[in-house]
Amino acid sequence: MTPKWEHFEHQADIGIRGTGGTMAEAFEQAAVAMTAVITPPDRILPQVAIRVRCEAPDRELLLADWLNAILREMSALRMLFSRFEVTVSGNSLEAVLHGELLDPARHEPAVEVKGATYFKLSVAQDEAGNWTAQCVVDV
Amino acid sequence: MDKSKLVRRSEWEWEIPRAGRMEVPGLLFASESLIDEVDEKVREQLSNVASLPGIVEAAFAMPDAHWGYGFPIGGVAAFDPNQGGVISAGGVGFDISCGVRTLLTPLRRDEVEKIRDTLADALFYHIPAGMGSTSRLSLDKRAMTAMLKGGARWAVSQGYGVAGDLECVENGGGCGDADPDEVSEQARRRQTEEMGTLGSGNHYLELQAVAEIFDPVIAAAYGLALDKVVVSIHCGSRGLGHQVATEFSRRMILEAPQYGIHVTDRELASVPAHSPPGKAYYGAMRAAANCALANRQILSHFVREVFKSVIGDDKLPLLYDVSHNLCSPEDHEVGGVKKRLVVHRKGATRALGPGHPDLPARYRPVGQPVLVGGTMGTTSYILAGTEESGRRAFNSACHGAGRSQSRSQALKQYRGEDVVENLRRRNITVKTRSFRGVAEEAPAAYKDVSEVVRATAGAGLARLVARLEPMICVKG
Chain A
126 MTPKWEHFEH QADIGIRGTG GTMAEAFEQA AVAMTAVITP PDRILPQVAI RVRCEAPDRE
186 LLLADWLNAI LREMSALRML FSRFEVTVSG NSLEAVLHGE LLDPARHEPA VEVKGATYFK
246 LSVAQDEAGN WTAQCVVDV
Chain B
2 MDKSKLVRRS EWEWEIPRAG RMEVPGLLFA SESLIDEVDE KVREQLSNVA SLPGIVEAAF
62 AMPDAHWGYG FPIGGVAAFD PNQGGVISAG GVGFDISCGV RTLLTPLRRD EVEKIRDTLA
122 DALFYHIPAG MGSTSRLSLD KRAMTAMLKG GARWAVSQGY GVAGDLECVE NGGGCGDADP
182 DEVSEQARRR QTEEMGTLGS GNHYLELQAV AEIFDPVIAA AYGLALDKVV VSIHCGSRGL
242 GHQVATEFSR RMILEAPQYG IHVTDRELAS VPAHSPPGKA YYGAMRAAAN CALANRQILS
302 HFVREVFKSV IGDDKLPLLY DVSHNLCSPE DHEVGGVKKR LVVHRKGATR ALGPGHPDLP
362 ARYRPVGQPV LVGGTMGTTS YILAGTEESG RRAFNSACHG AGRSQSRSQA LKQYRGEDVV
422 ENLRRRNITV KTRSFRGVAE EAPAAYKDVS EVVRATAGAG LARLVARLEP MICVKG
């Protein structure tokens with residue numbers, strides 16, 4: 126399947142969902158969905174690469190850790206990321222985030238994401254073998 | 002919400018009877034029309050909170066309650082640590098000590114009208130707002146620790162404000178029980194450049210005119226008069242608070258089973274308040290609260306600088322500063338016995354009644370100011386704590402309007418440019434860096450704040466004092 130992302134409804138915050146042929150692709154798309162809460166991802170130039178690593182006892186926590194690691198780097202480095210390369214092995218994840226320094230005039234960030242929550246958090250594979258990774262993010 | 006599943010205790014109180022694993026009932030304060038609007042998920046979330054170990058009396062929901070994650074927004078829950086009572090990072094949320102502070106200005110509405118554009122432009126230029134904005138402050142490791150220990154007290158010692166401000170900040174300007182050692186390097190890293198910034202989303206800085214006075218005696222004690230203009234700031238603990246919440250939510254999920262706590266909803270993960278992880282979270286959360294108090298103090302200083310340059314006067318006394326996402330140790334009577342409880346408020350304001358010893362002398366006769374933020378196009382309120390609210394919901398009241406539409410629904414329905422133009426026609430100047438952000442925060446996406454405060458007053462949780470109308474809004 127073609128990897129893709131979408132948002133889903135939550136009254137106060139917003140749900141993000143990524144799907145793909147592998148868990149890693151679903152995680153990458155969930156990250157794009159989270160970026161899209163802030164600004165259209167195609168406005169972000171993949172000029173700089175940042176590496177992150179996460180480890181968690183299960184895949185749901187790994188997803189939350191992954192999204193929170195991106196938020197941490199966005200906030201500390203004042204960057205936005207639009208392209209993600211994820212490798213999952215067992216309970217750990219290694220990834221490269223591609224993005225650029227935040228430019229308020231060009232990116233017009235609508236909102237800052239405060240954190241990935243455990244609400245509606247799931248990482249699941251369907252009968253056709255496709256993966257979905259989702260949760261609600263706090264804005 | 003399906004009213005058939007509730008027991009109506011009085012005109013303003015709706016009970017979710019104990020069932021299943023609930024230790025106590027749930028109790029919603031609301032008018033009938035607000036109950037009709039509240040999502041069914043609030044009942045589910047409040048019932049889950051009522052099932053947490055050591056909860057006392059009831060799991061409460063304020064009239065502005067809406068569904069969050071784990072706890073409902075507008076939720077209040079108190080736990081007895083001596084009865085296995087827990088502390089929960091999810092019960093405070095990501096924006097630790099997010100709150101509102103209001104400053105009095107020397108100006109009246111007609112005086113602001115004459116300098117509206119100059120003032121709006123100057124505030125927009127000087128107040129760092131929106132994602133990624135920074136101020137001229139940068140904290141090294143030592144200054145960061147001092148800030149986390151001292152809160153607004155630290156900010157005043159650095160020249161941001163005057164000593165007189167501190168008595169009008171909850172906890173006297175700082176949480177003395179903060180433990181900066183429990184705040185991680187990553188959390189500190191996120192805050193290095195973020196002191197004195199407003200943030201985004203529903204955060205704002207507004208100039209508001211007093212449009213209506215309900216209680217002239219209390220209004221006078223608060224320094225409020227008809228047509229007088231105030232500045233209200235809504236923001237929190239920025240990246241540092243978000244990181245503390247993220248790390249401890251995760252830690253509680255992993256460590257709860259060690260204490261025999263079965264985690265059914267990860268957002269509700271909790272540990273005993275007296276356990277090592279419970280104490281660690283408490284210390285870090287209070288340090289993050291100090292970060293929020295310092296942040297609002299610095300922003301107040303920036304506002305005063307703007308007033309100094311525009312009107313030559315920077316005397317803007319602080320009316321009050323109160324958090325609405327916080328966990329605090331408080332003494333309350335439970336079943337006739339005084340107990341020290343761990344009170345969680347997530348989207349709810351502490352509201353101390355007249356005579357309470359924690360109030361500054363000037364407000365002791367009338368009760369604590371309760372600052373209730375509306376939307377940029379409607380109205381905000383100032384209420385006062387009542388003695389009754391101490392008996393009803395551990396001295397708590399509402400905090401805002403509460404959303405009625407999701408962000409994506411709002412985005413489909415409104416254009417930011419139209420929202421700004423419509424507000425301009427109604428004499429409200431909105432300054433923003435993101436029209437999409439304005440659309441998501443469109444006034445129509447929120448509940449009627451007037452109905453929320455009417456229910457709050459009706460239930461005896463607070464007394465109506467004044468209504469404020471926005472004139473200038475710098476959107477976060």
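Going down the list, the protein sequences come from chains A and B.
When you line the first sequence up against this note's numbering, it's residues 126 to 264, in that order.
When you line the second sequence up against this note's numbering, it's residues 2 to 477, in that order.
Where a beta carbon is used, it is the ideal one built from N, C-alpha and C, also for glycine.
None of the values given here were measured: they were computed from a predicted structure.
Flagged as an interface residue toward chain B: Q136/A, by a C-beta distance shorter than 7 Å.
Approximately 6 Å separates the beta-carbon atoms of V420/B and A440/B; this is inside 8 Å, confirming the contact. At least one beta carbon of chain B lies nearer than 7 Å to the beta carbon of L227/A.
Within a 10 Å sphere around the beta-carbon of S89/B sit 16 or more other beta-carbons, which makes this residue buried. Shown here, P165/A sits in coil according to DSSP, grouped into three states, outside any helix or strand. Here C260/A is bridged, per DSSP, to I141/A. Closest by C-alpha distance to G140/A, out of L255/B, G477/B, Q410/B, is Q410/B. Three or more beta-carbon pairs separated by less than 8 Å link the stretch 300-313 of chain B to the stretch 126-140 of chain B, which places the two stretches in contact.
The DSSP assignment places 408-414, 417-426, 436-441 as complete runs of the alpha helix (DSSP H) inside the stretch 403-450 of chain B, in order along the chain (cut-off: 4 residues). By the Cβ neighbour-count rule, H135/A is buried, with 16 or more other Cβ atoms within 10 Å of its own. Distance from the CA of P64/B to the CA of G133/B, rounded to the nearest whole angstrom, comes to 33 Å.
Here DSSP, grouped into helix, strand and coil, assigns D166/B to helix.
By the Cβ neighbour-count rule, S310/B is exposed, with fewer than 16 other Cβ atoms within 10 Å of its own.
By the C-beta criterion, the stretch 385-404 of chain B is judged to be in contact with the stretch 341-354 of chain B, since at least 3 inter-stretch pairs fall below 8 Å. Contact of L246/A with chain B by beta-carbon distance below 8 Å involves R267. Secondary structure note for N326/B: its beta strand (DSSP E) is the uninterrupted segment 326-335. Remark: C-beta atoms of A258/A and A161/A do not approach each other more closely than 7 Å.
Taking G27/B as reference, the option from G242/B, F72/B, E38/B with the minimal CA-CA separation is F72/B.
Burial check for N83/B: the Cβ neighbour count within 10 Å stays below 16, so the residue is exposed. DSSP, read as helix, strand or coil, puts I56/B in strand.
Annotation: Cβ neighbours of F95/B in chain A (cutoff 7 Å, chain order): K239, G240, D263. In terms of Cβ geometry, A158/A and G145/A do not form a close pair [threshold 7 Å]. Against chain B, the CB of E198/A has no partner CB under 7 Å away; the residue lies outside that interface.
Per DSSP, Q209/B lies in no alpha helix (DSSP H); the unbroken beta strand (DSSP E) holding it starts and ends at 205-214. In this structure, the CA atom of M204/A is about 21 Å from the CA atom of K476/B. If you check the CB distance, A151/A and L192/A do not come in under 7 Å.
Note: P273/B is bridge-paired with V87/B in the DSSP secondary-structure output. A Cβ-Cβ contact shorter than 7 Å links E195/B with G240/B. For E452/B against L35/B, the beta-carbon gap comes to about 6 Å, under 8 Å, which counts as contact.
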